[in-house]
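>
Number of protein chains: 2
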Amino acid sequence: MFSTPKPSHAPDLIVVDWGTTSFRAGLLSGDGTVLERRESDNGILKAASTGFETVLRAEVGAWLGAGCPIVACGMIGSRQGWREVPYVEGAATAVALARGALTFSLADGERVSILPGMRMADGIRDVMRGEETQIMGSLQDGVAVLPGTHSKWAEVRGGVITGFASFMTGEVFAALSQHTILGKLAEGSDHDDMAFAEGVRAGNDSSAPTHDVFAARTRVLSGDLAPSGVSSWLSGFLIGAEIAGADRVFKAPVNDSIMIIGNAGLTRRYQDALRQLGRATSAGPADAAFVGMQKIARMMG
Amino acid sequence: MFSTPKPSHAPDLIVVDWGTTSFRAGLLSGDGTVLERRESDNGILKAASTGFETVLRAEVGAWLGAGCPIVACGMIGSRQGWREVPYVEGAATAVALARGALTFSLADGERVSILPGMRMADGIRDVMRGEETQIMGSLQDGVAVLPGTHSKWAEVRGGVITGFASFMTGEVFAALSQHTILGKLAEGSDHDDMAFAEGVRAGNDSSAPTHDVFAARTRVLSGDLAPSGVSSWLSGFLIGAEIAGADRVFKAPVNDSIMIIGNAGLTRRYQDALRQLGRATSAGPADAAFVGMQKIARMMG
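Sequences listed follow chains A and B, in order.
Read in order, the letters of the first sequence are residues 0 to 300 in numbering that gives the first Met the number 0.
Read in order, the letters of the second sequence are residues 0 to 300 in numbering that gives the first Met the number 0.
#1: What distance in whole Å lies between the Cβ atoms of L27(B) and V15(B), which are believed to be in contact at a cut-off of 8 Å?
#2: Measuring CB to CB, does G147(A) end up less than 8 Å from G283(A)?
#3: Check whether the region 209-228 of chain A and the region 186-196 of chain A are in contact - that is, three or more C-beta pairs closer than 8 Å.
#4: Report all residues from its chain with a CB closer than 7 Å to the CB of R128(A); omit the five preceding and five following residues, and keep chain order.
#5: Residues in the same chain with beta-carbon distance under 7 Å from A214(A), minus the five sequence neighbours each way, listed in chain order, please.
#6: Could you run through the region 13-26 of chain B and flag, in chain order, every residue whose CB is less than 7 Å away from some CB of chain A?
#7: Quick check on L265(A): does DSSP put it in helix, strand or coil?
#8: Which residues in the same chain as A207(A) place their Cβ atom closer than 8 Å to its Cβ, once the five residues preceding and following it in sequence are excluded?
#9: At a cut of 8 Å, does the region 172-184 of chain B reach the region 167-183 of chain A through at least three beta carbon pairs?
#10: Could you check what DSSP says for S39(A) in three-state terms: helix, strand or coil?
#11: Determine the burial state of A263(B): buried for a count of at least 16 other Cβ atoms within 10 Å of its Cβ, exposed for fewer.
#12: Cβ of D286(B) less than 8 Å from any chain A Cβ?
#13: Can you pull out the residues from the region 117-134 of chain A whose beta carbon lies closer than 7 Å to at least one beta carbon of chain B?
#14: How about M167(B): is its C-beta nearer than 8 Å to some C-beta of chain A?
#15: Here's a check: name, in chain order, each residue in its chain whose Cβ is nearer than 7 Å to the Cβ of G158(A), leaving out the five neighbours to either side.
#16: Tell me, please, which residues DSSP counts as bridged to L26(A).
#17: Considering S256(B), what are the terminal residues of the beta strand (DSSP E) in which it resides?
#18: Inspect the beta-carbon positions of V33(B) and A46(B) and report whether they are closer than 8 Å.
#19: Cβ atoms of G235(B) and A279(B): under 8 Å apart, would you say?
#20: Along chain A, in chain order, which residues have C-beta atoms closer than 8 Å to that of F213(B)?
#21: Looking only at its chain, what residues have a beta carbon closer than 8 Å to the beta carbon of E302(B), apart from the 5 residues adjacent to it on each side?
#22: Between the alpha carbons of W232(B) and E154(B), how many angstroms are there, rounded?
#23: Write down the C-beta distance between Q133(B) and L145(B) rounded to the nearest angstrom, noting that I regard them as a contact closer than 8 Å.
#24: Using a Cβ cut-off of 8 Å (strictly closer), state whether A47(A) contacts chain B.
#25: Quick one: which chain B residues come within Cβ less than 8 Å of R247(A)?
#26: Under the rule that 16 or more other beta-carbon atoms within 10 Å means buried, what is T304(B), buried or exposed?
#27: Using 8 Å for Cβ pairs, my map puts V219(A) next to G31(A). What's the rounded Cβ distance?
#28: At the level of alpha carbons, what is the spacing between G42(B) and E130(B)?
#29: Interface residues of chain B around I75(A) at Cβ under 7 Å?
#30: Do E58(B) and F22(B) come within 8 Å of each other at the CB atom, strictly closer than that value?
#31: Ordered along the chain, which non-local residues of its own chain (more than five positions away) have a Cβ less than 8 Å from that of R110(A)?
#32: Report yes or no: is there a C-beta of chain B within less than 8 Å of the C-beta of Q171(A)?
#33: CB of W232(B) to nearest heavy atom of the ligand PLP: below 7 Å?
#34: Along the chain, where does the beta strand (DSSP E) containing T148(B) start, and where does it finish?
Right under this line is the structure:
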């Protein structure tokens, strides 16, 4: 009865989420289907010495013949990346990110656009590169967390990223686990649900973190925490403290359902912690950065 | 006209402040004069393999002939030390610490007493070994801070240590300086008064520490903090956060003049930070552990 338009599965856009230590690329059709993908450890730290164009051709050279434009986001646009792309200042829409892109041509005429990061100078002062694109690809309204070495929390209102804040959770966990007495007390790093939950509570309630985190030691000494639970307790403590901190940074308890954008294990921990603290959660889309790059690319015309 | 009693300068007591990485001993006269002293890196980590009695004889053997009793405090009484001395539980007086001492005889008949540490199980849960002796040697009433790897804050009322709390300030500073992006941003560690003061304010005001500490990076990126100031800023941040945390742990703003017990550089930083935050400070006695051991030894009879 009706003729439904066939979704186009022709290659339309090449997207590259190019971070410090990882390279993730996708060949997208017009309807957002990921036709092919490439992932490697050719992040900017490694790619800088080889040369960014050389690495790009080695990774996605097979896709270049069809004349698709290339869009990249992440640390590739930082001072240590391929071309430094100035931050968009203040609250940003997808249009503002599209306008801030830096476009240039490669030797064979291919067009590459590197998207900008964001910088907030008023209120919460912070910067990010790459996460803004994931956020744009994930939600129109609400609060999102992107767990990681430097976790990001962001608030989006009507398609505008109105505020965001970084938390050094992953990096502080690694530093404390590997280089303090807490790590020396820990036996193994298998996940322990109970110890994690106790850590979440302690971290969320903490009013003196460098004191309260020492409770891991006190509790081991008194037999209240097994050495095998120290790593999970510490992880829970830092995630619990991050959630409390996000509540305070955004000036009010975060009552929205919180969208968790990310992959695998860490995302699961944040889901557990948020639910334990009575928060509703939702999961962001797979390939949020790819979705965001395609959305922003459309606004570049 | 009056015959004043001559202070006795005869050797009376051997005191040993025996910590994890340091050995400090004094030969005291009855009036507390330090007649001779020994300091080395023969802390318990190093001394354990040599044998504690062997190390003690090597360090202070020359003082042993006069029959003075030997009193020791610190990690020497821990499970990793010479003899494990159970903690005194709860608020403690000098008498309670004297009663908790473990006394034993060496091969040649010398008597050694190792003082206990303290453990609080109610309210603030924490433990310490060695600091309680320094505190007993320093004040009868008030609040004291002992800066260090694991800083201690303590409240003393009428000669009773009523509460104390550890802060991992020194160890967290080392871990963050050496093993995170903040350390990579830092150029050198020369002290910078202005950066330190800014860090103190940021740390004292912080309500989301793993976010707020990241401001060091944001400020460097925006040119508001020189890379040469990062180390001082971070030190100030953690000390400022410790002071705010101590206020919260002890449930009320600490209005007493705060006695700073310790030596040299770190003590100076705490003095600067406390004064910046409008607190009055005083300096604890030199050789606070020696004074405390002599006071407690008198109560052992």
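Where is the CB? At the ideal position from N, CA and C, for every residue including glycine.
Model, not experiment: these values are computed from the prediction.
Concretely, from the data shown:
#1: Not a contact, Cβ separation roughly 11 Å.
#2: For G147(A) and G283(A), no; Cβs fall outside 8 Å.
#3: With the cut-off at 8 Å, the region 209-228 of chain A and the region 186-196 of chain A touch.
#4: Counting only Cβ-Cβ distances below 7 Å, and skipping sequence neighbours, we find G73, M74, G76, S77 and G116.
#5: Correct list, in chain order: A201.
#6: Of all residues in the region 13-26 of chain B, none has a Cβ within less than 7 Å of some Cβ in chain A.
#7: Three-state DSSP puts L265(A) in a helix.
#8: By the criterion of a C-beta distance shorter than 8 Å, A207(A) is surrounded by no residue of its chain, once the five residues flanking it on both sides are discounted.
#9: Cβ pair count under 8 Å is three or more, so yes.
#10: S39(A): strand per DSSP, three-state reduction.
#11: Within 10 angstroms of the beta-carbon of A263(B) lie fewer than 16 other beta-carbons, which makes it exposed.
#12: No - not a single Cβ of chain A is within 8 Å of the one on D286(B).
#13: Residues R124, D125 and V126.
#14: Nearest CB-CB separation between M167(B) and chain A: below the 8 Å threshold.
#15: If we look at G158(A) and ignore the five residues flanking it on each side, its Cβ neighbours are T92, A93 and Q139.
#16: According to DSSP, which records beta bridges pairwise, L26(A) is partnered with I13(A) and E35(A).
#17: According to the DSSP assignment, S256(B) belongs to no beta strand (DSSP E), since it is labelled neither H nor E.
#18: Annotated as distal: V33(B) and A46(B), with beta-carbon spacing of 8 Å or more.
#19: Taking 8 Å as the cut-off, the Cβ atoms of A279(B) and G235(B) do not count as close.
#20: Residues of chain A passing the Cβ test: D125, H149, S165, F166 and M167.
#21: Chain B is shown only over 0 to 300; residue 302(B) falls outside these bounds and no answer can be derived.
#22: Distance between the alpha carbons of W232(B) and E154(B) is about 28 Å.
#23: Contact between Q133(B) and L145(B) holds, since their C-beta atoms are separated by about 6 Å, short of 8 Å.
#24: Not flagged as an interface residue toward chain B: A47(A), since no C-beta distance is shorter than 8 Å.
#25: In chain order: S206 and A207.
#26: Since the first and last residues shown for chain B are 0 and 300, residue 304(B) lies out of range.
#27: The Cβ separation is near 50 Å, so there is no contact.
#28: Roughly 16 Å between the two C-alpha positions.
#29: Under a criterion of Cβ atoms nearer than 7 Å, no residue of chain B is adjacent to I75(A); the nearest Cβ is some 17 Å distant.
#30: Contact flag set, yes.
#31: Apart from sequence neighbours up to five positions away, the residues of its chain that approach R110(A) with a beta-carbon distance below 8 Å are P68, I69, T102, F103 and S104, ordered along the chain.
#32: Before going further, note that residue 171(A) is Val rather than Gln in the sequence given. Yes - at least one Cβ of chain B is within 8 Å of the one on V171(A).
#33: In the structure shown, the ligand PLP is absent, as is every other ligand, since no ligand is present at all.
#34: Where T148(B) is concerned, there is no enclosing beta strand (DSSP E), because DSSP gives it neither an H nor an E.
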